[in-house]
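Visitor: Quick note on UniProt numbering: the sequence shown kicks off at 1 and runs consecutively.
Think of the CB as a built atom: it goes at the ideal place given N, C-alpha and C, for glycine as much as any other residue.
My questions will all concern the structure given below.
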Amino acid sequence: MKWFRRKKKPGKELSDKPTLVRSYTNRADRRHHAAYATPRGSIINKLPDKVLERIFILVCPHSQDETYETCEQSSLDDCCPLCDTRDLAHCAQVSRKWRNVAIGVLYHSVRIDAVHFCELEEILSEKRKHKGRFNRNAEPEETPNVRLQLLCRTIRDNRMLGELVEFLKTPYMTRGACKADLARSVAVCPNMRYLDLPEGIFSDDPSCHTLKLEIQARCPDLRKMTYMTGSERSLEQLAGGKIWRNLEVLEFTRLNMDPTIIRRALGSLTGLRALKVTDTKTFNDEVFQHSDYLPPFPAFTELVFENTPNVTAIGLEAYLFRSDTQEKLTSLSLTETGIHPSALHKITDNAPRLTFLSIVESVHASFPALQNIPPLSSTSLQTLHYEITSTSSTNTFKSVVQSHYSYLTTSLIANRLPALRALYVRDSEFPESLIGLAPPAPAYASDPDNFVPPNTFERSSNAPSGMPNNRFSSNNPFAAQASLSPAMPTGMGLKQELEVYSKGLDEMEWNFAKVQPPTAPGRRGSATTARPISSYGLGDSMGKAWAPGHGARRSVIVGNGFGGFLAVPADDPPRPSSSAGEKKRHSRKNSSQDLWR
Numbered sequence: 001m002k003w004f005r006r007k008k009k010p011g012k013e014l015s016d017k018p019t020l021v022r023s024y025t026n027r028a029d030r031r032h033h034a035a036y037a038t039p040r041g042s043i044i045n046k047l048p049d050k051v052l053e054r055i056f057i058l059v060c061p062h063s064q065d066e067t068y069e070t071c072e073q074s075s076l077d078d079c080c081p082l083c084d085t086r087d088l089a090h091c092a093q094v095s096r097k098w099r100n101v102a103i104g105v106l107y108h109s110v111r112i113d114a115v116h117f118c119e120l121e122e123i124l125s126e127k128r129k130h131k132g133r134f135n136r137n138a139e140p141e142e143t144p145n146v147r148l149q150l151l152c153r154t155i156r157d158n159r160m161l162g163e164l165v166e167f168l169k170t171p172y173m174t175r176g177a178c179k180a181d182l183a184r185s186v187a188v189c190p191n192m193r194y195l196d197l198p199e200g201i202f203s204d205d206p207s208c209h210t211l212k213l214e215i216q217a218r219c220p221d222l223r224k225m226t227y228m229t230g231s232e233r234s235l236e237q238l239a240g241g242k243i244w245r246n247l248e249v250l251e252f253t254r255l256n257m258d259p260t261i262i263r264r265a266l267g268s269l270t271g272l273r274a275l276k277v278t279d280t281k282t283f284n285d286e287v288f289q290h291s292d293y294l295p296p297f298p299a300f301t302e303l304v305f306e307n308t309p310n311v312t313a314i315g316l317e318a319y320l321f322r323s324d325t326q327e328k329l330t331s332l333s334l335t336e337t338g339i340h341p342s343a344l345h346k347i348t349d350n351a352p353r354l355t356f357l358s359i360v361e362s363v364h365a366s367f368p369a370l371q372n373i374p375p376l377s378s379t380s381l382q383t384l385h386y387e388i389t390s391t392s393s394t395n396t397f398k399s400v401v402q403s404h405y406s407y408l409t410t411s412l413i414a415n416r417l418p419a420l421r422a423l424y425v426r427d428s429e430f431p432e433s434l435i436g437l438a439p440p441a442p443a444y445a446s447d448p449d450n451f452v453p454p455n456t457f458e459r460s461s462n463a464p465s466g467m468p469n470n471r472f473s474s475n476n477p478f479a480a481q482a483s484l485s486p487a488m489p490t491g492m493g494l495k496q497e498l499e500v501y502s503k504g505l506d507e508m509e510w511n512f513a514k515v516q517p518p519t520a521p522g523r524r525g526s527a528t529t530a531r532p533i534s535s536y537g538l539g540d541s542m543g544k545a546w547a548p549g550h551g552a553r554r555s556v557i558v559g560n561g562f563g564g565f566l567a568v569p570a571d572d573p574p575r576p577s578s579s580a581g582e583k584k585r586h587s588r589k590n591s592s593q594d595l596w597r
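Right, dumping it as structure tokens:
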């Protein structure tokens, strides 16, 4: 007797769906071969390795990122690093020749991002929702953490790939949560020069002690390190010269340490080229002074000081008197230090190689105009950040800030900064004031063709040849200006095109304006903006103050310098899309777009 009855099979019903008919191919028949995409004798197979390497770099541009910046700060625009890495990995699977070249490019600088910067992220996120993001222990999985684990498995299985890795950049949350995976990855990367580390490494956190020991033992060629509050003992070990002898970039943040120990640590590193000091009051002028018992302060290429009030112009000027420092220093950044803008000329006069200078200060007093301070002068400076603000937000301090910008305007009009190309200021009206203060040369002061009319009258041999012919009467108001006109074009006025980036105190983005020198004598320079400037809010009009929150748009009309106004520029051409494309914005037919957006 059967206890279970067999279920009857349902009858076959006719379906409207088309059936898939597979074609039969005799694989044993060698007379039929699949056609190649390109001929076997194509020139692509004969390309040298250098050309292939260059092509692969263009496929994956972030593979050549050799900057000592974090993953968030070193991201490239208009590209998707994950898609580019995938495309380069597919190129490595084409042939053995391509693989040998592509592997060196793929593992030189490894970058792990949390998301795709293209439309593919929306598709993958939908798939993750249906598939589930939980592991065996019912814990949610983070995608970048899984990518780091896959990288760790790959380079540990093939140690030759680990030797190719020199730069490793991971997201902020990943490097804080995957310390064990970072330690396992670092153990097989002896040529590592930079990798993103959790902040606990910089402050000697006990949770990062194992990772730090692994880095000290396995990565002797590290090029950048940061020391924060709590890592004073590690900095003393650095002064011994036993670890990380090839460091190039150092950062000190909120250190409470004797300046002599800092001096010894810096003196033991011969390859240093950049130093950043932040919120360190113990870092003062004693570090720069000469001592017979301490190694000299290294000659840096880049110096950054932020919130260091004990660093003054006296100590920095003594440091710049050295010839090796003058030949190396090219970038200097000063933010809330003891160096006043009135002492900035001492730095520019003693730094002949300086190309980048930044000073960010909050002042409470006007510029000392009665001390006969010379203007800023430098023949090598190309970029200048002159961001001066007042300590108080009241209108009474507006003239205090304007006096400092007047000093900068005087230096520019005097043509003391001939190589300057980019200027950043915190005054929204600075480009207009730069044009208005430039005294235009009269039309009769010089001839653009240098034409000298012949003198038909006989000149006395005793008369000096250099005596000018004064054709104005004594009471003519242009007589004094004509007498000084031959020497005026030599020094006054801008001689180069200048890009001015201005930003007010209540603005978030920089406004761009291009200041051009006058094209001919008797004409003023002009300032043009790449796109119109607009802001919100109205001031007092007709004695009536507008209530806050009810501001209206105020458009700034830009003049062309000849009594007219500039035309409203058209929309810029579209930017190149990322590797996965970009969605087109929907636009209605016969709709007017806002030109002032």
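In this structure, what does DSSP give as the bridge partners for alanine 513?
Guide: Within the sequence shown, the letter at position 513 stands for residue 513. In the DSSP output, where bridge partners are listed per residue, alanine 513 has Val500.
Visitor: Rounded C-beta distance between valine 110 and leucine 88? I'm assuming under 8 Å.
Guide: Within the sequence shown, residue 110 is the residue found at index 110, counting from 1. Within the sequence shown, residue 88 is the residue found at index 88, counting from 1. That pair is no contact at about 12 Å.
Visitor: Less than 7 Å between C-beta atoms, sequence neighbours within five positions excluded: which residues of the same chain meet that for alanine 239?
Guide: Translated into positions along the sequence shown, residue 239 becomes position 239. Here the set comprises Ile261, Arg264, Ala265, Ser268.
Visitor: With H, G and I counted as helix, E and B as strand and the rest as coil, what does DSSP make of serine 268?
Guide: Stepping through the sequence shown from its first residue, residue 268 is reached at position 268. Coil, per DSSP.
Visitor: Is the Cβ-Cβ distance between threonine 282 and asparagine 256 less than 8 Å?
Guide: For this step, residue 282 is matched to residue 282 along the sequence shown. For this step, residue 256 is matched to residue 256 along the sequence shown. Yes, Cβ-Cβ distance for threonine 282 and asparagine 256 is below 8 Å.
Visitor: Candidates Val115, Gly315, Glu166: which alpha carbon is nearest residue 639's?
Guide: Summary: the structure shown does not reach residue 639, with the chain confined to residues 1 through 597, and so no result is reported for it.
Visitor: Excluding the five sequence neighbours on either side, which residues of its own chain have a C-beta within less than 6 Å of the C-beta of glutamate 497, listed in chain order?
Guide: In the sequence shown, counting from the first residue as 1, residue 497 sits at position 497. Within the same chain, glutamate 497 has close Cβ partners Gln516.
Visitor: Helix, strand or coil: which one does DSSP assign to phenylalanine 288?
Guide: By one-based count along the sequence shown, residue 288 stands at place 288. Three-state result, phenylalanine 288: coil.
Visitor: Could you pull out every residue in the same chain whose Cβ sits closer than 6 Å to the Cβ of glutamate 306, ignoring the five residues on either side in sequence?
Guide: Against the sequence shown, residue 306 aligns to sequence position 306. Around glutamate 306: Thr278, Thr335.
Visitor: Measure the CB-CB distance between leucine 222 and methionine 173 and report whether it falls below 8 Å.
Guide: Position 222 of the sequence shown, counted from the first residue, corresponds to residue 222. Position 173 of the sequence shown, counted from the first residue, corresponds to residue 173. Contact: no.
Visitor: From Arg99, His404, Ile243, Thr348, pick the residue whose C-alpha is nearest to that of leucine 329; which is it?
Guide: For the purposes of this step, residue 329 is taken as residue 329 along the sequence shown, with counting starting at 1. Out of Arg99, His404, Ile243, Thr348, Thr348 has the C-alpha closest to the C-alpha of leucine 329.
Visitor: From the DSSP output, in three-state form, read off threonine 278 for me.
Guide: Translated into the one-based positions of the sequence shown, residue 278 becomes position 278. Note: threonine 278 maps to strand in three-state DSSP.
Visitor: Nearest to proline 298 by CA position, among Asn310, Thr308, Leu320, Ala313, is which residue?
Guide: For this step, residue 298 is matched to residue 298 along the sequence shown. Ranking Asn310, Thr308, Leu320, Ala313 by Cα distance to proline 298 puts Leu320 first.
Visitor: Considering only the alpha carbon of each residue, which of Ser185, Leu316, Met228, Glu236 lies closest to serine 211?
Guide: By one-based count along the sequence shown, residue 211 stands at place 211. According to the sequence as given, residue 211 is leucine; it is not serine. Leucine 211 has its Cα closest to that of Ser185, out of Ser185, Leu316, Met228, Glu236.
Visitor: Near aspartate 258, which residues of its chain fall below 6 Å by C-beta distance, leaving aside the five closest residues on each side in sequence?
Guide: For this step, residue 258 is matched to residue 258 along the sequence shown. Result list for aspartate 258: empty, nothing under 6 Å.
Visitor: For asparagine 511, is the classification buried or exposed, using 16 other Cβ atoms within 10 angstroms of its Cβ as the cut-off for buried?
Guide: Reading the sequence shown from its first residue, position 511 is the one you call residue 511. Per the 10 Å Cβ criterion, buried.
Visitor: Excluding the five sequence neighbours on either side, which residues of its own chain have a C-beta within less than 8 Å of the C-beta of glutamate 53, listed in chain order?
Guide: As a working mapping, residue 53 is identified with position 53 in the sequence shown. If we look at glutamate 53 and ignore the five residues flanking it on each side, its Cβ neighbours are Val101, Gly104, Val105.
Visitor: Would alanine 513 pass as a contact of proline 431 if the rule is Cβ separation under 8 Å?
Guide: As a working note, residue 513 is residue 513 in the sequence shown. As a working note, residue 431 is residue 431 in the sequence shown. Yes, the pair counts as a contact, with Cβ atoms nearer than the cut-off.
Visitor: Under 8 Å, do phenylalanine 300 and leucine 275 count as touching if we go by C-beta distance?
Guide: Along the sequence shown, one-based indexing puts residue 300 at 300. Along the sequence shown, one-based indexing puts residue 275 at 275. Cβ atoms of phenylalanine 300 and leucine 275: closer than 8 Å.
Visitor: Of the residues His340, Pro198, Glu507, Ser406, which one's Cα is nearest the Cα of isoleucine 215?
Guide: Position 215 of the sequence shown, counted from the start, is the residue given in the question as residue 215. For isoleucine 215, the nearest C-alpha among the options comes from Pro198.
Visitor: Please classify alanine 313 as buried or exposed, where buried requires at least 16 neighbouring CB atoms within 10 angstroms.
Guide: Reading the sequence shown from its first residue, position 313 is the one you call residue 313. Burial call: buried.
Visitor: Does the stretch 354-366 touch the stretch 376-386, meaning 3 or more C-beta pairs lie closer than 8 Å?
Guide: Judged by Cβ distances under 8 Å, the stretch 376-386 makes contact with the stretch 354-366, as three or more pairs qualify.
Visitor: Please state the DSSP three-state secondary structure of lysine 495.
Guide: Taking the sequence shown and counting its residues from 1, the one referred to as residue 495 is at position 495. DSSP places lysine 495 in coil when its eight states are reduced to three.
Visitor: Near proline 352, what residues of its chain come up, given a Cβ to Cβ distance below 7 Å and the 5 sequence neighbours on each side ignored?
Guide: The count along the sequence shown starts at 1 and reaches residue 352 at position 352. Answer for proline 352: Gln326, Ser380, listed in chain order.
Visitor: Tell me which residues share the same chain as aspartate 49 and place their Cβ nearer than 6 Å to its Cβ, disregarding the 5 neighbours each side in the sequence.
Guide: Position 49 of the sequence shown, counted from the first residue, corresponds to residue 49. For aspartate 49, where only same-chain residues beyond five positions count, the Cβ hits under 6 Å are Val101.
Visitor: DSSP three-state call for arginine 111: helix, strand or coil?
Guide: Against the sequence shown, residue 111 aligns to sequence position 111. Arginine 111 falls in the strand class under three-state DSSP.
Visitor: Can you list the beta strand (DSSP E) stretches of 3 or more residues lying completely in the stretch 355-391, in chain order?
Guide: Correct list: 356-363, 383-390.
Visitor: Express the C-alpha separation of threonine 226 and aspartate 149 in angstroms, rounding to a whole number.
Guide: To locate residue 149, count along the sequence shown from 1; it is residue 149. To locate residue 226, count along the sequence shown from 1; it is residue 226. According to the sequence displayed, residue 149 carries glutamine and not aspartate. Cα to Cα, the separation comes out at about 26 Å.
Visitor: When you compare each of Ile413, Gln402, Ala365 to serine 377 by their alpha carbons, which one comes out closest?
Guide: What you label residue 377 is simply residue 377 of the sequence shown in a count that begins at 1. Answer by Cα proximity: Ile413.
Visitor: Report the three-state DSSP secondary structure of valine 94 (helix, strand or coil).
Guide: Taking the sequence shown and counting its residues from 1, the one referred to as residue 94 is at position 94. Here valine 94 sits in coil by DSSP.
Visitor: Rounded to whole angstroms, what's the CA-CA distance from glutamine 402 to aspartate 65? Just pull it up for me.
Guide: Start at 1 with the first residue of the sequence shown, and residue 402 comes out as number 402. Start at 1 with the first residue of the sequence shown, and residue 65 comes out as number 65. Distance between the alpha carbons of glutamine 402 and aspartate 65: 42 Å.
Visitor: Helix, strand or coil: how does DSSP classify leucine 334 here?
Guide: Looking up residue 334 in the sequence shown gives position 334. Strand.
Visitor: Lysine 127 to leucine 120, Cα distance in whole Å?
Guide: For the purposes of this step, residue 127 is identified with residue 127 of the sequence shown, where counting begins at 1. For the purposes of this step, residue 120 is identified with residue 120 of the sequence shown, where counting begins at 1. Whole-angstrom Cα-Cα distance: 11 Å.
Visitor: Nearest to alanine 180 by CA position, among Arg99, Lys97, Asn145, is which residue?
Guide: Working through the sequence shown from its first residue, we reach residue 180 at position 180. It is Asn145.
Visitor: Can you tell which of Val249, Ser234, Ala369, Phe167 has its C-alpha closest to the C-alpha of aspartate 204?
Guide: Counting from 1 along the sequence shown, the entry for residue 204 is found at position 204. Here the closest residue by C-alpha is Ser234.
Visitor: So histidine 62 packs on leucine 76, CB below 8 Å; how close in whole Å?
Guide: Numbered from its first residue, the sequence shown carries residue 62 at position 62. Numbered from its first residue, the sequence shown carries residue 76 at position 76. Yes, histidine 62 and leucine 76 are in contact; Cβ-Cβ is about 6 Å, under 8 Å.
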